[in-house]
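Using this note's numbering, the first residue of the sequence shown is number 13, and each one after it goes up by one. Each residue gets a CB set at the ideal place from its N, CA and C atoms; glycine is no exception.
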Amino acid sequence: MSHEGTTIAHDHLRGDITTENKQLNDYVLLKSDGLPTYHLAAIVDDHEMGITHVLRGSEWLGTFPLHVNIVRAFGWEEPIWIHLSVFLKPSGKGKMSKRESAQAMKDGYSIFIKDMQDLGFTPEGVLNWSALMGWGVAEDDVLDMKQMIERFSIDSLTASPAAINFQKLDHFNATHIRLFSTADLAGRLKPYFAREGLNVNDDALLKIIPLIRERLVTLDDCISFGAFFFKDQVSPNPEDLIAKGLDAKQSAEIAKKCLEILSSIPSINHASTESPMRTYVEESGLSPNQVFGILRVAVTGQKVSPPLFESMEIIGRETCMQRIKSAIEILEKM
13 MSHEGTTIAH DHLRGDITTE NKQLNDYVLL KSDGLPTYHL AAIVDDHEMG ITHVLRGSEW
73 LGTFPLHVNI VRAFGWEEPI WIHLSVFLKP SGKGKMSKRE SAQAMKDGYS IFIKDMQDLG
133 FTPEGVLNWS ALMGWGVAED DVLDMKQMIE RFSIDSLTAS PAAINFQKLD HFNATHIRLF
193 STADLAGRLK PYFAREGLNV NDDALLKIIP LIRERLVTLD DCISFGAFFF KDQVSPNPED
253 LIAKGLDAKQ SAEIAKKCLE ILSSIPSINH ASTESPMRTY VEESGLSPNQ VFGILRVAVT
313 GQKVSPPLFE SMEIIGRETC MQRIKSAIEI LEKM
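1. Within 10 Å of its beta-carbon, does Pro222 have 16 or more other beta-carbons around it, so buried, or fewer, so exposed?
2. Here's the rule I'm using: 16 or more other beta-carbon atoms within 10 Å means buried, otherwise exposed. How should Pro203 be labelled?
3. Quick check on this structure: which residue in Ala264, Phe237, Arg190 and Asp232 has the alpha carbon closest to the alpha carbon of Arg207?
4. So, are the CB atoms of Ile94 and Leu67 less than 7 Å apart?
5. Rounded to whole angstroms, how far is the Cβ of Ile123 from the Cβ of Ile176, which I believe are closer than 8 Å?
6. For Val138, name the three-state secondary structure that DSSP assigns.
7. List the whole-angstrom C-beta distance separating Lys101 from Met108, where the pair is believed to meet the contact cut-off of C-beta under 8 Å.
8. Mind checking which residues open and close the alpha helix (DSSP H) that includes His188?
9. Identify every residue that forms a DSSP beta bridge with Trp72.
10. Once you ignore the five residues that flank Leu197 on each side, which residues in its own chain have a CB closer than 6 Å to its CB?
11. Name the residue from Asp38, Cys234, Asp23 and Ala264 whose alpha carbon lies nearest to the alpha carbon of Lys345.
12. Shortest alpha-carbon distance to Ala260 belongs to which of Asp182, Lys219, Pro300 and Ile340?
13. With Ile254 as the anchor, note down where its beta strand (DSSP E) starts and where it stops.
14. Looking at Thr19 and Asn33, is the spacing between their C-beta atoms short of 7 Å?
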């Protein structure tokens, strides 16, 4: 190819890109053993497969003139070339470095697909999030794969680089989790419970999902909100068992009263449990936060949980009573 003149290559997003031929490198297309290099092989392969549109990252713009000239040298019809914008780090200034990627991982995010899966991000959430970066549709549109395919057009793509926004990833992931059926979500959550060594009762899991679904941003959030359902024992922080404004002895007495109430109930369900507990709150002059706070920590092992009485119904009467007894022992030793 002559080093004189220019090569004009047309990109669908960027228009005509003109390069002086003298600036083009003299690339090796065939190696000494007769095998083609990537640049030649890829172009021939695309042609043989009938590729009509070549979509690739903007980092390939440097070899764009070479690839165009190879196609023209063969006398083939050019495909439509589209060089997509790269994803920039959240600040919008440059790509993410290894150090920045490591920090994102510590914060519960990643730009690597395997990491995203381990962190509990769903394929639907990740696809929705990534598809809207560099695509000229509303940034908050929640789309499934079928809708993305129906709405996609190369004319709506943009050449401007998009900054990674992990908060939007959270938004899309949480939204798609809420759209999953209960049975579908149960199947997706089970591996995360299993990873923690928990044996999951399928019937119980189906009952738990309506209690935790709205709280989940990622699938692995099920551990924070649901692991206590499947544990033999919970290990509450002793300080968390002490209600605000009370001491350990007073909190122990409240736990004992809760145990007494449960002992008088043949079976635990929302209706049979909440009513006598609220009666106790009213008669004792204590606040609901004090009584239910102690009960919540005793039964779930944590200060924040799904709805208390619905959770107790799933856990079961005997397990709830045993956990309250253990909490009383902890309080009496303080």
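In brief:
1. exposed
2. exposed
3. Asp232
4. yes
5. 7 Å
6. helix
7. 4 Å
8. Phe178 to Leu191
9. Per DSSP, none; premise fails for Trp72.
10. Ile221
11. Ala264
12. Ile340
13. No beta strand (DSSP E) holds Ile254; DSSP gives it neither H nor E.
14. yes
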